[in-house]
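Residue numbers (the UniProt record's numbering): 1 to 312. Here's the structure we're looking at; comments come further down.
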Amino acid sequence: MKRKEILDRMGLCLPPDKQIRVVISSDVSNEADDPFAIVHQLLTPIFDVRGVIATHYEGKTRGDRRSMENSYRMLTALMAATGMTDVPMLRGCAVPLAGELDVPDAEGVRFLIEEAQRDDPRPLYVTVQGALTDVAAALNRCPAIAGKMTVVWIGGMPYPKGGCDFNMKQDLAAARAVFGSKVALWQLPVNVYGTVEVTMAEMALKIRPCGTAGRYLYDLMEQYNLTTDEPYTLRKGESWNFGDSPVVAALLGCDLRQNFHMEPAPVLADGGRYLPGSGRAIRVYDSVDVRFLLEDFFAKLALCYGPRTNKA
């Protein structure tokens with residue numbers, strides 16, 4: 001089935017001139033929240049999702065070199081559950097950069113370069129739900145694409161001190177490369193993405209009934225919630241953090257909210273600490289509207305896969 005057929009179930013009439021191009025980069029199988037953010041982007045009609053790149057999380061797996069393939073396998077299962085089998089899926093880099101100037105090759109890296117160079121007047125946004133490895137590799141291989149896209153990244157600790165959150169820790173060299181480049185960067189640090197909390201009861205009511213896709217997402221969350229032994233304080237047993245979903249809020253929300261500020265791009269020291277940098281400005285988010293974000297997701301799931309659609 002094609003993505004457009006599923007989006008047509010919503011019956012929305014939207015201005016075509018507002019459509020943007022989106023490439024998603026995600027460590028899909030790292031945690032249960034990644035697939036939710038991917039599906040939300042796929043269900044957003046003004047996002048022309050050009051492709052999804054599966055990336056690694058080798059810092060967590062201690063270098064077993066299988067995390068990217070695990071992400072790709074889960075991405076394949078996710079696409080099957082949503083029915084959007086026409087969306088391109090790409091393999092990203094299997095390991096972190098060897099250094100800030102490293103130029104590894106991967107089909108996801110080549111795809112990103114090709115998409116940035118494509119003759120298309122619509123703006124290109126790269127939403128990164130994990131390590132910045134593939135973006136950094138693309139920029140290192142072809143610096144000219146820096147002026148042709150905007151990177152929207154979930155990662156980093158709060159300003160002014162900074163530090164490595166999970167995503168930055170997976171590839172600090174890649175983060176340094178991106179922060180030190182000329183690419184437009186929108187950063188959503190942990191104090192922002194950590195606010196998007198959902199309870200299991202809410203997911204059971206609003207996600208689980210939504211066809212094969214909703215059931216797949218709910219079961220994935222339930223399984224992860226029961227089996228994870230990570231000693232994170234935000235894991236309370238009956239709730240979860242949709243930490244990757246704020247990329248959608250950043251692209252859907254109106255700039256009149258003024259929920260971000262411009263920050264001189266820092267130099268990333270050891271441990272991800274922020275030091276004064278070159279002075280080029282990046283956009284740093286201070287908050288996201290959680291109601292706006294979650295209700296949009298729940299509504300799109302229900303319209304596309306809910307009981308009234310009689311669709312899988």
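Think of the CB as a built atom: it goes at the ideal place given N, C-alpha and C, for glycine as much as any other residue. Computed from a prediction, not measured in an experiment: that's the story for all the values here.
Residue i, DSSP secondary structure in three states
i           : result
residue 281 : strand
residue 212 : helix
residue 21  : strand
residue 94  : coil
residue 10  : helix
residue 124 : strand
residue 100 : coil
residue 268 : strand
residue 150 : strand
residue 253 : coil
residue 50  : strand
residue 185 : strand
residue 89  : strand
residue 57  : coil
residue 156 : coil
residue 45  : coil
residue 207 : coil
residue 79  : helix
residue 84  : coil
residue 236 : coil
residue 15  : coil
residue 1   : coil
residue 304 : helix
residue 31  : coil
residue 296 : helix
residue 66  : coil
residue 118 : coil
residue 171 : coil
residue 138 : helix
Integer Cβ distance of residue i from residue j, believed to fall under 8 Å
i           : j           : result
residue 131 : residue 171 : 4 Å
residue 264 : residue 279 : 5 Å
residue 178 : residue 151 : 6 Å
residue 262 : residue 281 : 4 Å
residue 289 : residue 129 : Actually they are not in contact, since the Cβ atoms of residue 289 and residue 129 sit about 19 Å apart, beyond 8 Å.
residue 133 : residue 188 : Wrong, their Cβ atoms sit about 18 Å apart, outside the cutoff.
residue 220 : residue 32  : 5 Å
residue 84  : residue 6   : 6 Å
residue 173 : residue 99  : 6 Å
Per DSSP, the bridge partner or partners of residue i
i           : result
residue 197 : 241
residue 260 : 285
residue 162 : 273
residue 129 : 26
Beta carbon of residue i nearer than 8 Å to that of residue j
i           : j           : result
residue 115 : residue 124 : yes
residue 135 : residue 71  : no
residue 214 : residue 274 : no
residue 127 : residue 24  : yes
residue 118 : residue 268 : no
residue 43  : residue 300 : yes
residue 87  : residue 56  : no
residue 21  : residue 3   : no
residue 93  : residue 137 : yes
residue 286 : residue 190 : no
residue 272 : residue 156 : yes
residue 113 : residue 91  : no
*Using 8 Å as the threshold, is the segment 200 to 214 in touch with the segment 237 to 251, meaning 3 or more CB pairs across them?*
With the cut-off at 8 Å, the segment 200 to 214 and the segment 237 to 251 touch.
*Flag this pair as touching only if the segment 29 to 44 and the segment 68 to 83 have three or more C-beta atom pairs under 8 Å; answer yes or no.*
Contact check between the segment 29 to 44 and the segment 68 to 83: three or more CB pairs, one atom from each, fall below 8 Å, which counts as touching.
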